[in-house]
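These notes are about the structure you will find just below.
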Amino acid sequence: MASPDQQLPPGWEARWDAQYNQYLFVDTTTGHSQWEPPAQQGIPPAVGPTPSVSPPPAHHSGKRRQYAAGQTQAYYASDNALNDPSYGAAGPGLHAQPAQGGQLFTPGLVGENQFAAQQGPVPGQTPYYGGQEAQQPDYINAPGYGQTQQPAYGQPPVDALASQFNQMGMGQKFQLNTSNLLNTPPEPRELHRPPPEIHLPPNAAISPSPLANADPSYQRSTLNAIPTTSSLLSKSKIPLALILTPYRTVKEGDEPVPLVTDTVIARCRRCRTYINPYVQFIDGGNRWRCCMCNMSNEVPQLFDWDQVRNQPGDRWARAELNHSVVEYVAPTEYMVRPPQPAVYIFLIDVSHAAVQSGMVATATRTILENLDRIPDEDGRTKVAIICFDVSLYFFSVAPGDGESTMLVVSDTDDVFLPKPNDLLVNLAECRKSLENLLGKVNEMFQENSIIGSALGPALQAGFKLMSPIGGKITVLSSTLPSVGAGALKNREDPKILGTAKESGLLQAASPFYKTFAIECSRAQVSVDMFLFSAGYQDVASLACLPHYTSGQTYYYPAFNAARAEDAQKFAHEFGEVLAMPIMLEAVMRVRASRGLRMSSFHGNFFVRSTDLLAMPAVPQDQSYAIEIQIEEAITSPFVVFQTAVLHTTCYGERRIRVVTLALPTTTNLSEVFASADQVALATLFANKAVERSLTHKLEDARDHTFKALVELLIAYKTSMTSGGAGASGQLAIAENLKMLPVLVLGLLKNVGIRQSAQIPPDIRAYSQALLTSLPSQLLIPYIYPTFYSLHNMPPEAGTIGESGVVMPPPLPLTSERLERHGLHLIEDGQTIFLWVGRDAVPQLIQDVFNLPSYEVLRGGKVTLPILDNPFSQRVNAIVQKTREMRRGVYYPHLYIVKDDGEAPLRLWALSCLIQDRADVLPSYSQFISSLKEKVSTT
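Quick note: the numbering used here has the sequence shown finishing at residue 1016, numbered continuously throughout.
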């Protein structure tokens, strides 16, 4: 292969980079490197031919069933979809319909491919179900969030608008590539890329460990290069914030969090930062300099001593110097009392509606079946059960297998504990009695005809019982609270939906719940809400309790345990919550380098002081957003953010979890844009939009979010693009932010935020609870759903690959990609839709649903049968992978949606295709046009 060396200026050489499949040009005198060939007087830059890469071998298998053989192939699953000018065009056999009755519609795409069905197969494209085999696209096995993958930027420029800028003095180029949103359709695979690569100065870390910086699934910043001044940050119009999930689930294949057990904890004497990979050892290793405030500190005497082997240890092998995420066993000085046991109190609504819906039977059975999964390693876990309708029903549980005694308190105005010593019992000692009780609760109240609810008094009783220790109250309620403290009225009014007054329905109707939640927080009591109702339940008011006590809200509208799918979803999610190893009596603080200050906090906690977050019980995979201000100029080449969570494990051990993130600083605006993380920004926008909808109006929340995006685009246009030729014909944005507009559109169309007079306030309030607590891995699909074509998926899709079940390639979120003869899957992490085209052939219906034809297929909530044929098994594998592949406890319902089926179900599924127009909500092309208009006229 010819080398381009002969065309380079003196002192330069070309080195082949196999990782990026292209030449890297290096100045041998300075060590500077760049992707572009250096210009030479009179010689145009050129690059020699790249080494050829052999295509992967085609997959072959035996004879496969043929379906609808006369139909066209699915051109859009080709490896070249990103560069195909027809990408985003209509699928064959389905044409857009006028936007009426809420039908989604994308202007400009009608009939682009209406004659495609008459064309022959296109080489390299994937045939639909039953067609010829095709090669698997490279992106099929792309890692998900938080997994190792090649950098998304720093790659060769892919747009003619790309601009070159110097890196932050690190001896290599840091490229800012520009995309034109007017001709760059959203590509779903972009969201599976990691955030922009972090380029720290050489020797910033004292350890060469690849785990020295935080995985983005634990802690990520909206900017991976921090501006040195507030004015530079302001000029970019990009908010600086951290997205935190400090207690993330460790799934199979994840790096476990190392535990430091010797109780030797080195902290800065001035700023209290924990020692980490970014400190410096000085004075012959006897002292260390803090990376936050530059304070010189003594190294603890036992820091270099192996207490297990009772011999000198290897300092450089210590976990806190090699890992960004580490957990310490805390010594006694970190305790104000002995570590509390895990305490669980279940408040179960036994009113008529709760019993008749099957909630009581399902809840008690789930608790019974999961008693072994409730954390109780140290044998100290305590449990209590309190039932309620308009009265309170306590149970005195005897040790061993004795009978439990029910104690009734009818006076809900002055709540008291009828037998304080026998209501909260040790799980291990009273296991048999608890099993007997749980097996009888539903039978006790089977004939209950009382329709009221004394939820407030029940909460007060649970608090009285738990407050001396702390723990978690789990509420299972099917009825609007109507008796005693916290009684609520049905304030649902269809007339104000979609008006400025609607935001009032999203605020707590009674001050009781916030006041009670703050009392709980002080007593280390957390509250989880499981809400079931066929009618209005005022989720907005009840969700206050989890919001301020670091709990979580779960909502099951129109729950009916007679439907197996409803019972399965609740039992799965409730069981996972019961088994979750929660952090108890926790406090969290985020520290940052000098010049940076935490300014705003978003999430489920109570801000106890200016920067101390009280979290009585931290569930796994709960996310928090913290905004940051630059108070003074930063002079250091990099900054450090450190999150510390002091907590008690549910096994009775006091620990500190520390998450450290180091980021470079920059004085270059181009580097600020090139380092922006679109996923972190979308997560922050979601939190801020919900907060603004509660303090102002829903319309204000939408306008504020849209304005933030417009200002970012204006800042980019003003500072990063020339104002001359081509400026009016483009809507420029950094390559690494090109999915941000469609993420913002998805947020504006989300149930929690979108403009509509048809969304029940309970549904909207629950959606807002999700938007402010889901980690990015779950939030992104919630605002930008995933869309697959199953009838023509590659032959590998649905089979087991190196990383588990291989998923089909994701499609753009437009109904133009639905095919009348096809089977499609749409999911947002909370719900899964199987869309069945009206012209689907009988064999496809038979293989997937075990029914003879489309006509006899019924839409609605279903359990998909597992049939004895390969396609059924592949579809089931994809559905199961969809339910399991993300962190969290959620078990999405599966709905069959027929092309010509019930309108509400169709419109619900189609609302996930956010690139289409729906009612007054714009299509993606209309949204981009409105952005272009705002940017151009400013």
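Glycine residues also receive a C-beta, built at the ideal position from the N, C-alpha and C atoms.
Check: A657: which of G824, P453, K510 sits nearest, CA to CA?
Finding: P453
Notebook entry, point to check: In the structure shown, what three-state DSSP assignment does E654 receive?
Noted result: helix
Check: Going by other Cβ atoms of all chains shown within 10 Å of its Cβ, with 16 needed for buried, is E376 buried or exposed?
Finding: Exposed, by the Cβ-count rule.
Next item on the list: Report the three-state DSSP secondary structure of M798 (helix, strand or coil).
Entry: M798 falls in the helix class under three-state DSSP.
Next item on the list: With a 10 Å radius around its C-beta and 16 neighbouring C-beta atoms as the bar for buried, classify S1001 as buried or exposed.
Entry: S1001 comes out buried.
Check: Does the pairing of the stretch 658-673 with the stretch 631-644 give three or more beta-carbon distances under 8 Å?
Finding: no
Checklist line | Backbone secondary structure at D778 - three-state DSSP | finding: helix
Next item on the list: Measure the beta-carbon distance from L501 to F523 and round it to whole angstroms, keeping in mind my assumption that it falls under 8 Å.
Entry: Actually they are not in contact, since the Cβ atoms of L501 and F523 sit about 18 Å apart, beyond 8 Å.
Checklist line | Cα-Cα separation, P887 to N281 | finding: 40 Å
Notebook entry, point to check: Can you give the Cα-Cα distance for Y632 and S714, rounded to whole angstroms?
Noted result: 45 Å
Margin query: Across the stretch 268-288 and the stretch 834-842, are there enough close Cβ pairs to call them in contact, namely three or more that are closer than 8 Å?
Written below: no
Next item on the list: Can you give me the start and stop residues for the beta strand (DSSP E) that F424 sits inside?
Entry: 421-427
Check: For the stretch 839-853 against the stretch 670-679, are there 3 or more C-beta pairs whose distance is under 8 Å?
Finding: no
Check: Using the rule of at least 16 other Cβ atoms within 10 Å of the residue's Cβ for burial, across every protein chain shown, is L759 buried or exposed?
Finding: buried
Note to self: In whole angstroms, give me the CA-to-CA distance for P819 and R600.
What the structure shows: 41 Å
Next item on the list: Pick out the complete beta strand (DSSP E) segments inside the stretch 591-665, 3 residues or longer, and give them in chain order.
Entry: Considered as a whole, the stretch 591-665 harbours 603-611, 631-635 as its complete beta strand (DSSP E) runs of no fewer than 3 residues, in chain order.
Item checked: Complete runs of the beta strand (DSSP E) confined to the stretch 665-708 [at least 3 residues] -> List check, beta strand (DSSP E) in window: 674-680, 690-696, 702-708.
Notebook entry, point to check: Which runs of the beta strand (DSSP E) fall wholly inside the stretch 240-322 and span at least 3 residues, in chain order?
Noted result: Restricted to the stretch 240-322, the beta strand (DSSP E) segments that are unbroken, complete and at least 3 residues in length are 256-258, 297-299, 319-322, listed in chain order.
Notebook entry, point to check: Alpha carbon to alpha carbon, how far is F381 from V342?
Noted result: Taking the straight line joining both Cα atoms gives about 6 Å.
Margin query: What does the alpha-carbon distance come out to for the pair L584 and F684?
Written below: 19 Å
Check: According to DSSP, is A506 helix, strand or coil?
Finding: coil
Next item on the list: Return the bridge partner residues of A722 from the DSSP annotation.
Entry: R667, V736, per the DSSP bridge assignment.
Margin query: For G530, which residues in the same chain have their Cβ closer than 8 Å to its Cβ, ignoring the five residues on either side in sequence?
Written below: Answer for G530: S429, D467, V468, T557, S560, V561, listed in chain order.
Item checked: Contact set for A408: own chain, Cβ-Cβ below 6 Å, skip 5 residues either direction -> R732, R733, I734
Notebook entry, point to check: Since G882 sits in a beta bridge, which residues does DSSP pair it with?
Noted result: Per DSSP, G879.
Note to self: With distance defined between alpha-carbon atoms, name the residue in I316, S527, P694 nearest to L724.
What the structure shows: Among I316, S527, P694, the Cα nearest to that of L724 belongs to P694.
Note to self: On the DSSP letters alone, give me the boundaries of the beta strand (DSSP E) that A810 sits inside.
What the structure shows: Boundaries of the beta strand (DSSP E) harbouring A810: 810-812, taken from the DSSP string.
Check: By DSSP, does G938 sit in helix, in strand, or in coil?
Finding: Here G938 sits in strand by DSSP.
Note to self: Quick check: S753 and N682, are their CB atoms within less than 9 Å of each other?
What the structure shows: no
Check: Beta carbon of D699, beta carbon of R443: below 9 Å?
Finding: It is not a contact, given that the beta carbons lie outside the stated cut-off.
Next item on the list: Would you mind reading off the limits of the beta strand (DSSP E) that contains I360?
Entry: Annotation for I360: the continuous beta strand (DSSP E) segment containing it runs 358-360.
Next item on the list: Would you grab the beta carbon distance between E405 and V335 for me? Rounded to a whole angstrom, and I think it's under 8 Å.
Entry: 5 Å
Checklist line | Identity of the residues DSSP links to G549 by a beta bridge | finding: V603
Note to self: Looking only at its chain, what residues have a beta carbon closer than 7 Å to the beta carbon of A843, apart from the 5 residues adjacent to it on each side?
What the structure shows: L584, V617, A618, A621
Check: If we call anything under 9 Å between Cβ atoms a contact, is Q786 one with T256?
Finding: The sequence shown places Ala at residue 786, rather than the Gln named in the question. The answer is no: Cβ separation not under 9 Å.
Check: So L446 is in the beta strand (DSSP E); what residue range does that whole segment cover?
Finding: Unbroken run through L446 is the alpha helix (DSSP H), 437-447; no beta strand (DSSP E).
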